[in-house]
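Asker: One structure follows; several queries about it will come next.
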Amino acid sequence: TGVTISGAGPSVIAACHEGDRQGIGVAMLDAFESVGVDARVYTTHVGEGATLY
54 TGVTISGAGP
64 SVIAACHEGD
74 RQGIGVAMLD
84 AFESVGVDAR
94 VYTTHVGEGA
104 TLY
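Under the numbering used here, residues 54 to 106 are what the sequence shown spells out, in order.
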């Protein structure tokens, strides 16, 4: 699992195993809310990638 600040705006990204998504999202949301920062969590998955023909 890794976490980084996104360069595309005020965002933080966490990369983790699929089974860890919900727990990590809740922990990040709790951390922001504990210091008075409004936050939202969006979860997704890694795409399959490109196909070369």
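No residue lacks a Cβ here, since even glycine has one placed at the ideal position from N, Cα and C.
These figures come from a predicted structure and were not determined experimentally.
What separation, rounded to the nearest whole angstrom, lies between the Cα atoms of residue 89 and residue 103?
Answerer: The alpha-carbon atoms of residue 89 and residue 103 are separated by roughly 40 angstroms.
Asker: Please report how far the alpha carbon of residue 54 lies from the alpha carbon of residue 79, in whole angstroms.
Answerer: Near 15 angstroms, if we compare the C-alpha coordinates of residue 79 and residue 54.
Asker: According to DSSP, simplified to helix, strand and coil, what is residue 84?
Answerer: Three-state DSSP puts residue 84 in a helix.
Asker: In terms of alpha-carbon separation, which member of 63, 56, 59 and 57 lies closest to residue 91?
Answerer: Here the closest residue by C-alpha is 63.
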